[in-house]
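Counting from 1, one number per residue, gives the positions in the sequence shown under full-length UniProt numbering.
Beta carbons: idealized from backbone N, C-alpha and C, even for Gly.
The next block holds one structure in the form of structure tokens; read it before the comments.
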Amino acid sequence: MSLSTTALAAQAAPSQPGSGTREIALNPETLQQLNNLVASKESLKQAGYVVKALSEGELEQKKRCLMCGVRHHPANESAGRNDLSLRKQASRPAILTSRRRIVHKTWTCCGQHVTADPCTGKEHHAMPVSNNQVQLELERRWQFHATAPDIQPNHRVAVAIDCEMGTAFDGDSELIRLTIVDYFTGKTLIDSLVYPDIEMRHFNTRWSGITRGAMERSRRQRQCIMGRDAARRAVFDYVGPSTIVVGHGAQNDLSSLRWIHSRVVDSLIIESGIRKEAKLKAEQEKKENEEVDKDKDKEGAQEEVQKRGKHHPDGMSLKALTMKRLGRAIQMGKNGHDSLEDALAARDLVHEYTTSLEIVSG
1 MSLSTTALAA
11 QAAPSQPGSG
21 TREIALNPET
31 LQQLNNLVAS
41 KESLKQAGYV
51 VKALSEGELE
61 QKKRCLMCGV
71 RHHPANESAG
81 RNDLSLRKQA
91 SRPAILTSRR
101 RIVHKTWTCC
111 GQHVTADPCT
121 GKEHHAMPVS
131 NNQVQLELER
141 RWQFHATAPD
151 IQPNHRVAVA
161 IDCEMGTAFD
171 GDSELIRLTI
181 VDYFTGKTLI
191 DSLVYPDIEM
201 RHFNTRWSGI
211 TRGAMERSRR
221 QRQCIMGRDA
231 ARRAVFDYVG
241 PSTIVVGHGA
251 QNDLSSLRWI
261 HSRVVDSLII
271 ESGIRKEAKL
281 KAEQEKKENE
291 EVDKDKDKEG
301 AQEEVQKRGK
311 HHPDGMSLKA
321 LTMKRLGRAI
331 QMGKNGHDSL
341 EDALAARDLV
351 HEYTTSLEIV
361 SG
């Protein structure tokens, strides 16, 4: 959904919940139900969450070739080799394996005419030489930060999050909108454009609903958060170490903020668990039925197969699950997603899980 910059201004004070937003009672029972769904550290890792600060080696892997722009991961290519062989080859430049080709008499890597040398026409990758400046830039752009340890009166018991991302000049995802709502009251705590620290290739307007023009207007009118670090600090105004963060596939949202948080309830992880249990249960029932129903006639067996064949498992997207679990349609507009709508959908979806028989019985 296309949004005006005033509607996306960073909010110093929480707004009232929308007319269609209902509050969730905060009491020992509802809090315990939510706590029961907090993912383990191992589950978060398996889902792609970053659970600790990046090492120096991991930061090094964020470097891109100065000629072709691709990342080079020698560790992945050298799996199984001993440390000595790795040290011997560490000083050797990596072989550049570009997929450049000619289309309409133009190099696809750089857009130059076929008579010119392609930008990736060298034998080896040209990775930035490590020095203090390069290391500081890697730290600034890629290092992850844990939730601030101090506890403030404004911290919420639980919040729901959703972010929109654009594409940076080098193809990496970059935060461009941040939405945080209070899980229990439904009040909007933050709903703001985030002006990127780096040059952007595009703003993924089809999906994010954010145009370059809207972003520039918000900057001129001082109605946006300036940069990822400032956005993360804004989150820490409402989120402390004990706050539960709710989202759907929220590893992407936390990664866009370069944020590490240990208390996460992810509806995608929950749904994956439900489906895994259902699959195991169905397989067990099928095995039992096969043993019990060996003497059934062919007509009865065929009827049962036809009944089962009508079932088509739906998707795992927030849109699909919100319709399935809540009977609510979201992301129906033609002008991109609305991160406020998505954050509230993730919140309501998780609340549905807390009272679901599938969760209680599991």
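The Cβ-Cβ distance between Tyr183 and Ala160 falls below 8 Å. Fully contained in the stretch 217 to 253 are the following beta strand (DSSP E) runs of length 3 or more, in chain order: 244 to 247. Annotated three-state conformation of Met165 is strand, per DSSP. Taken through DSSP and simplified to helix, strand or coil, Glu137 comes out as helix. Following the DSSP letters along the chain, one finds Thr322 inside the alpha helix (DSSP H) bounded by residues 318 to 326.
Leu344 sits close to Gly186, with the two beta carbons spaced by under 8 Å.
DSSP places Thr205 in the helix class (H, G or I) of the three-state scheme. Taking the Cα of Met165 as reference, the smallest distance to any Cα among Arg275, Val134, Leu193, Arg232 is reached at Leu193. For Arg156, the secondary structure class from DSSP, reduced to helix, strand or coil, is coil. Per the C-alpha coordinates, the member of Arg22, Thr30, Leu26 positioned closest to Thr355 is Thr30. Relative to the Cα of Val38, the nearest Cα in the group Thr188, Val235, Arg222, Val265 belongs to Val265. Taking a C-beta distance under 8 Å as the contact criterion, Glu352 and Arg328 do not qualify as a contact pair. Between the alpha carbons of Arg275 and Leu254 lies a gap of roughly 25 Å. Exclusion of the five residues before and after Ser173 leaves Met165 as the residues of its chain whose Cβ lies within less than 6 Å of its Cβ. In the structure shown, the three-state DSSP call for Leu37 is coil. The alpha-carbon separation between Arg212 and Phe203 amounts to approximately 7 Å. Taking C-beta separations shorter than 6 Å and ignoring five residues to either side along the sequence, the partners of Met226 in its chain run Tyr195, following chain order. In chain order, Phe169 place their CB closer than 6 Å to the CB of Glu199, counting only its own chain and leaving out the 5 sequence neighbours on each side.
Ile180 sits in a strand when the DSSP states are folded into three classes.
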